[in-house]
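Asker:
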Amino acid sequence: MATSSPNPTDASPVDAGVYDATAPAFSPLYQQIKTLILRSLQAGEWKPGDMIPSEFDLAARFRVSQGTVRKAIDELATDNLLVRRQGKGTFVATHAEVHTQYRFLRLLPDTGTLEDQGRAERRIVECRRLRAPAEVARQLGLRTGDAVLQVKRVLAFAGTPAIVEELWLPGGPFKGLTLETLSDDQGPMYALFEAQFGVRMVRALEKIKAVSADQDTATLLGVSPGHPLLSVERLAYTYNDEPMELRRGLYRTDTRHYRNELS
Numbered sequence: 001m002a003t004s005s006p007n008p009t010d011a012s013p014v015d016a017g018v019y020d021a022t023a024p025a026f027s028p029l030y031q032q033i034k035t036l037i038l039r040s041l042q043a044g045e046w047k048p049g050d051m052i053p054s055e056f057d058l059a060a061r062f063r064v065s066q067g068t069v070r071k072a073i074d075e076l077a078t079d080n081l082l083v084r085r086q087g088k089g090t091f092v093a094t095h096a097e098v099h100t101q102y103r104f105l106r107l108l109p110d111t112g113t114l115e116d117q118g119r120a121e122r123r124i125v126e127c128r129r130l131r132a133p134a135e136v137a138r139q140l141g142l143r144t145g146d147a148v149l150q151v152k153r154v155l156a157f158a159g160t161p162a163i164v165e166e167l168w169l170p171g172g173p174f175k176g177l178t179l180e181t182l183s184d185d186q187g188p189m190y191a192l193f194e195a196q197f198g199v200r201m202v203r204a205l206e207k208i209k210a211v212s213a214d215q216d217t218a219t220l221l222g223v224s225p226g227h228p229l230l231s232v233e234r235l236a237y238t239y240n241d242e243p244m245e246l247r248r249g250l251y252r253t254d255t256r257h258y259r260n261e262l263s
């Protein structure tokens with residue numbers, strides 16, 4: 001009895017020779033395609049701001065239906081990794097875009113918006129390379145004593161200091177990052193990381209608690225020692241859940257509040 005030839009658009013990515021053998025057998029097909037697109041993003045095949053191939057081309061590449069590709073792209077867009085632009089195509093999201101510059105900054109003025117008060121004014125206090133303390137190394141997936149960069153900066157809005165931040169970055173991916181580079185760049189720091197070091201922060205976890213300002217922090221923020229502050233510790237990840245930044249911020253909340261949207 002003759003059998004019909006399979007429709008190539010219904011073929012599994014296994015047939016295309018690109019299937020991830022480590023993926024669970026029960027993983028839906030669109031999730032497998034999502035994983036493959038993520039792999040291309042991580043490898044730098046498409047860089048932040050680049051347009052990715054069309055759904056038709058990706059369907060042909062992975063030998064699946066356009067509907068399967070569309071569902072994978074929809075999830076990646078929901079995850080803020082891709083951006084659809086009507087009539088233009090789908091692009092790799094970038095922190096350089098205006099509407100995403102404050103994606104990870106949740107400190108808002110009690111009246112008005114961040115846009116109303118203009119860009120954050122940044123002052124780099126220090127940038128130095130040193131050996132990772134044990135706790136920093138643990139959170140960044142490094143070994144104690146590995147090379148890291150420590151950056152300290154102050155962010156002000158409308159001339160009033162609002163945030164003191166201490167950043168810890170793994171030394172390898174950020175080789176060449178200097179105080180001068182950070183001070184000269186006027187764009188979002190995460191956009192700088194993308195453009196000059198090929199590192200894109202895609203998600204973050206935060207821990208928040210109330211603290212009191214010590215003497216050094218009080219001086220930088222223009223408040224009295226003991227002034228109530230909000231402590232926000234963030235661990236930011238690039239693709240494949242690889243930790244790339246440990247950030248500890250101390251926020252003034254006398255005229256601002258931390259806003260998070262839950263759904």
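Numbering-wise (the numbering used here), the sequence shown opens with residue 1 and increments by one.
Just so it is clear, CB atoms sit at the ideal spot from N, CA and C, and this is done for glycine as well.
1. If I measure Cβ to Cβ from residue 178 and keep anything under 7 Å in the same chain, skipping five residues before and after, which residues do I get?
2. Inspect the CB distances between the stretch 163-180 and the stretch 70-79 and report whether three or more fall short of 8 Å.
3. Along the chain, where does the alpha helix (DSSP H) containing residue 264 start, and where does it finish?
4. Give the straight-line distance between the Cα atoms of residue 148 and residue 142, rounded to the nearest whole angstrom.
5. Using the C-alpha atoms, what's the distance from residue 52 back to residue 14?
6. With residue 91 as the anchor, note down where its beta strand (DSSP E) starts and where it stops.
7. What residue range is occupied by the uninterrupted alpha helix (DSSP H) comprising residue 193?
8. Report all residues from its chain with a CB closer than 7 Å to the CB of residue 130; omit the five preceding and five following residues, and keep chain order.
9. Report all residues from its chain with a CB closer than 6 Å to the CB of residue 223; omit the five preceding and five following residues, and keep chain order.
10. For the stretch 28-37 against the stretch 185-192, do three or more pairs of beta-carbon atoms, one drawn from each stretch, fall closer than 8 Å, so that the two count as touching?
11. Report the partner residues of residue 211 according to the DSSP bridge assignment.
12. Take the Cβ of residue 221 as the centre, count every other Cβ of all protein chains shown within 10 Å, and call the residue buried at 16 or more, exposed below.
13. How long is the line joining the alpha carbons of residue 266 and residue 255, rounded to whole angstroms?
14. Excluding the five sequence neighbours on either side, which residues of its own chain have a C-beta within less than 8 Å of the C-beta of residue 21, listed in chain order?
15. Since residue 140 contacts residue 246 with CB under 8 Å, what's their CB separation in whole angstroms?
16. Look at residue 91 and residue 49 and say whether their C-beta atoms are less than 8 Å apart.
17. Got a sec? Which residues, its chain only, sit under 6 Å from residue 206 by beta carbon, not counting five neighbours each side?
18. Take residue 218 and list the residues in its own chain whose beta-carbon comes closer than 7 Å to its own, dropping the five residues that flank it on each side.
19. My output table needs one value for residue 249: the three-state DSSP class, helix, strand or coil.
20. With H, G and I counted as helix, E and B as strand and the rest as coil, what does DSSP make of residue 71?
21. Drop a sphere of 10 angstroms on the beta-carbon of residue 134, count the other beta-carbons inside from all chains shown, and report buried for 16 or more, exposed for fewer.
22. Is residue 238 helix, strand or coil when you go by DSSP?
23. With 16 other CB atoms within 10 Å as the buried threshold, where does residue 68 fall?
24. I need the straight-line Cα distance from residue 66 to residue 204, nearest angstrom please.
25. What do you reckon, are the CB atoms on residue 191 and residue 94 nearer than 8 Å?
26. Given this structure, state the Cα-to-Cα distance separating residue 251 from residue 194, to the nearest angstrom.
27. What's the call for residue 89, buried or exposed, on a 16-neighbour Cβ count within 10 Å?
Answerer: Taking the structure as given:
1. Excluding residues within five positions, the ones whose Cβ falls inside 7 Å are 127.
2. The answer is no - the stretch 70-79 does not touch the stretch 163-180, with fewer than three Cβ pairs under 8 Å.
3. Lying before the first or after the last residue shown, residue 264 is absent from the chain, which here runs from 1 to 263.
4. 9 Å
5. Because the pLDDT of residue 14 is 43, which lies under 50, any placement of that residue in the model is unreliable, and the number read from its coordinates should be weighed accordingly. Whole-angstrom Cα-Cα distance: 22 Å.
6. Per DSSP, the continuous beta strand (DSSP E) segment holding residue 91 begins and ends at 89-92.
7. 189-197
8. 148, 150
9. 213
10. no
11. Residue 211 pairs with 229.
12. buried
13. Because the chain spans 1 through 263 in this model, residue 266 falls outside it and cannot be assessed.
14. With a pLDDT of 43 at residue 21, under the threshold of 50, the modelled position of that residue is not reliable, and no figure is offered here.
15. 6 Å
16. Inclusion of residue 91 and residue 49 in the CB contact set at 8 Å is warranted, their separation being smaller than that value.
17. Only 232, 234 meet the Cβ criterion.
18. 224, 225, 227
19. Under the three-state reduction of DSSP, residue 249 is assigned to strand.
20. helix
21. exposed
22. strand
23. buried
24. 31 Å
25. yes
26. Each residue's Cα considered, the two are about 26 Å apart.
27. exposed
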